[in-house]
Amino acid sequence: MADMKETSTLLSLCRNRVRQLLAGGTLQFFGGEPRPGERWLIDCRSINELIDEKLPTSSDQSLVSINYLAKHSLPKGGGLVELVQAIRAGELRAYGPAENGSVAVGAWLLKPQDFAAWQQARAENKSPVFPGLSVVKAAALLGVKEQCAYAFVRLGLLWSTAVERGRRTQLMVKPQAIDRFRRGYILGPEIAVYLGKSTREAFKHLWEARFRPVAGPSIPNAACRQYVWVRSKKLIDYLASEAAQIDDPEAITFLSTPIAQPRDCRFRHVGSR
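Position in the sequence shown (first residue = 1) + 52 = my numbering.
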């Protein structure tokens, strides 16, 4: 058995993600669920099931670890359990590093394009009845608070459709709109990670570098709780250059993959350097 700290280290995941694996049944408590005040002891057999010795390797330089995706791409409140289940079911293929040996789940590697396609399919399957997702669910997929998602809709950054449901009208966000937002814009917390700074410092840093956000707490007529920049090629190249200086190879490869690039030239006409 192992406690929470040991399990976090063994699996290369933060404690919050370990709790999610416990809540989802992927990890099991040793001796049953603890009572309030008791230590969390986790069964080693369930831990070992998340440490793989037979993962294939790949020469693809764009592979990104699950730990990195858990920090920067999955919703903070969940998604990891479903991701592990998808890998076990063969929906996604995980790879190991070039060195042989046991690989903990947090160090499993995925192709960013495979991960993006899985996320897109998951978003579409979550709402089979309505022509899209609620703004609240869209917020969860984007990893932001509801107020931010509503601000994105209000400002036209996140496209939505008004759908009549009885006497009410509800805003629905299509999965394609979420994909468009991800490819077209980049948020302050993500930029802060690439720069190795706080969100406040990252905003100041980009402002001095003449990258202007299109929305944010201090932006006139575009108020939002988070700063938002257009994901222009100049900005991505700049962030990759800065990440190289702080020696963050995962950030560099993640920024250089298609998921991080705008696919629509219309994204480049505002907010670029």
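Ideal placement from N, C-alpha and C gives every residue a C-beta, glycine not left out.
Quick caveat: nothing in here was measured; it's all calculated off a predicted structure.
- A Cβ-Cβ separation of about 7 angstroms places L161 in contact with P149 under the 8 angstroms criterion.
- Just measuring C-alpha positions, the residue of V70, D112, L223, I238 sitting nearest I288 is I238.
- As computed with DSSP, I103 is found in a beta bridge with A156.
- DSSP, reduced to helix, strand and coil, places V215 within a strand of the structure shown.
- Comparing C-alpha distances from G77 to each of G83, K106, V133, P127 shows the shortest one belongs to V133.
- The Cβ atoms of Q172 and D231 sit closer than 8 angstroms to each other.
- The three-state secondary structure of A274, taken from DSSP, is coil.
- In the DSSP assignment, V282 falls within the beta strand (DSSP E) that extends over 280 to 282.
- Counting along the chain, the unbroken beta strand (DSSP E) around I238 starts and ends at 237 to 239.
- Annotation: L209 to G195 spans about 15 angstroms, alpha carbon to alpha carbon.
- Scanning L79, R262, Q72 for the CA closest to the CA of G130 turns up Q72.
- With a minimum length of 4 residues, the unbroken runs of alpha helix (DSSP H) contained wholly in the region 102 to 133 fall at 118 to 124.
- In this structure, P127 keeps its C-beta atom at 8 angstroms or more from the C-beta atom of A175.
- Between A141 and I103 a beta carbon distance of about 19 angstroms is seen, past the 8 angstroms cut, so the two are scored as non-contacting.
- Within a 10 Å sphere around the beta-carbon of A261 sit fewer than 16 other beta-carbons, which makes this residue exposed.
- In the three-state reduction of the DSSP assignment, A54 falls in the strand class, which pools E and B.
- Per DSSP, L209 lies in no alpha helix (DSSP H) and is assigned neither H nor E.
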